[in-house]
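Written out below as structure tokens is the structure these notes cover.
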Amino acid sequence: MKPWEKPRRLPLHVAIIMDGNGRWAKKRGLGRALGHRKGVETLRAVVRESSELGIGVLSLYAFSTENWSRSAEEVGALMGLLLEFFAKEIDALHANRVRVRILGDVEGLPGPQRDAALAAMARTAENAGLQLNIALNYGGRDELVRAMRRLMRAGLAPEQVNEKALADALDTAGQPDVDLMIRPGGEMRLSNFLLFQSAYAEFLFPGTLWPDFDVDAYHHALDAYAARERRLGGRKEHGGE
Ligand code: IPE
Ligand code: IPE
Ligand code: MG
Numbered sequence: 041m042k043p044w045e046k047p048r049r050l051p052l053h054v055a056i057i058m059d060g061n062g063r064w065a066k067k068r069g070l071g072r073a074l075g076h077r078k079g080v081e082t083l084r085a086v087v088r089e090s091s092e093l094g095i096g097v098l099s100l101y102a103f104s105t106e107n108w109s110r111s112a113e114e115v116g117a118l119m120g121l122l123l124e125f126f127a128k129e130i131d132a133l134h135a136n137r138v139r140v141r142i143l144g145d146v147e148g149l150p151g152p153q154r155d156a157a158l159a160a161m162a163r164t165a166e167n168a169g170l171q172l173n174i175a176l177n178y179g180g181r182d183e184l185v186r187a188m189r190r191l192m193r194a195g196l197a198p199e200q201v202n203e204k205a206l207a208d209a210l211d212t213a214g215q216p217d218v219d220l221m222i223r224p225g226g227e228m229r230l231s232n233f234l235l236f237q238s239a240y241a242e243f244l245f246p247g248t249l250w251p252d253f254d255v256d257a258y259h260h261a262l263d264a265y266a267a268r269e270r271r272l273g274g275r276k277e278h279g280g281e
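FYI, our numbering numbers position 176 of the sequence shown as 216, with every residue one higher than the one before it.
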């Protein structure tokens with residue numbers, strides 16, 4: 041069954057730019073690291089809900105190629121949280137048949153984070169439940185460059201380069217395009233996330249800061265998505281009622 045034919049028209053692929061942790065902390069007079077820690081709690085709740093709802097793919101933007109330019113202290117805190125996340129959550133994710141995939145340049149991560157990321161991917165590789173993409177050291181332009189290099193290394197002739205070949209060389213190879221892109225925190229920009237995959241995505245920019253984005257807010261977003269009319273370039277929605 042196509043996603044838009046499901047009772048509530050759930051998106052098959054949801055992407056979330058988890059933004060606003062720093063502002064959340066600042067509002068409370070706390071350090072940014074505490075905002076990120078609170079953000080991980082939101083992440084866990086949204087992953088669990090997505091898994092229970094039967095969302096196909098959930099892509100979470102956790103650390104961009106541009107985020108290295110933050111202070112050493114903040115980058116260190118984020119890298120620490122990352123290790124903690126993998127150590128604490130991987131058993132439960134695996135038990136729930138979640139498959140973890142890392143989007144981004146894994147080789148560019150510090151050793152311990154890279155090892156934890158690769159181990160999480162390997163351990164959950166056969167799981168057929170929620171496909172959880174965690175974008176780490178990810179940039180949409182960097183992903184496209186890495187994809188082009190893959191195609192060139194594979195020796196494709198110019199005529200063999202088409203949209204399908206390019207899509208299959210991206211970090212999201214084999215997954216459907218993004219249906220719903222949510223950026224909490226109030227900023228209305230993509231910040232280099234999933235440029236190719238969100239060509240026809242529906243966009244939502246709730247003002248709620250990520251640490252305050254709860255399961256209710258997530259359901260609001262899914263309801264808003266269900267109410268959108270997607271034309272996909274044609275005049276009527278595919279499979280229109
Ligand atoms: C998003 O929150 C988390 C990461 C970028 C890792 P921010 O840290 O960007 O929080 P704001 O946008 O400064 O509030
Ligand atoms: C985007 O948020 C990156 C992540 C959420 C990981 P940023 O806070 O880094 O983006 P800008 O700087 O507002 O564009
Ligand atoms: Mg931000």
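Glycine included, every Cβ here is placed at the ideal spot set by N, Cα and C.
Taken through DSSP and simplified to helix, strand or coil, S90 comes out as helix. Counting the other CB atoms within 10 Å of its CB gives K67 a total below 16, which places it among the exposed residues. Each residue's CA atom was taken as its position, placing V54 and L244 some 11 Å apart. A distance filter of 5 Å between CB atoms and the heavy atoms of ligand 1 selects the following residues in sequence order: D59, G60, N61, G62, R63. As DSSP reads the structure, Y178 sits in a beta bridge with S104. Here the segment 188–197 does not lie against the segment 137–151, with fewer than 3 beta-carbon pairs under 8 Å apart. Going by DSSP, R163 is part of the alpha helix (DSSP H) stretching over 151–164. Nearest in C-alpha terms to V140, of all of I174, R181, L272, is I174. Beta-bridge partners of L143 (DSSP): A175.
For E242, no alpha helix (DSSP H) segment is defined; the enclosing uninterrupted segment is the beta strand (DSSP E) at 242–244.
Between S231 and G169, the C-beta spacing is not below 8 Å. Counting only residues of its own chain and dropping the five nearest sequence neighbours on each side, V115 has a CB closer than 8 Å to the CB of N107, W108.
Take G94, set aside five residues on each side of it, and no residue of its chain has a beta-carbon closer than 6 Å to its own. A straight-line Cα-Cα distance of about 40 Å links G148 and R48. Membership of A267 in the alpha helix (DSSP H) is indicated by the continuous run 255–267. For L118, the uninterrupted alpha helix (DSSP H) run begins and ends at 112–135, by DSSP. Here the alpha carbons of K78 and A85 stand approximately 11 Å from one another. The closest heavy atom of ligand 2 lies 7 Å or more from the beta carbon of F245. Around the beta carbon of P150, a 10 Å sphere encloses fewer than 16 other beta carbons of the protein chains shown; the residue is thus reported as exposed.
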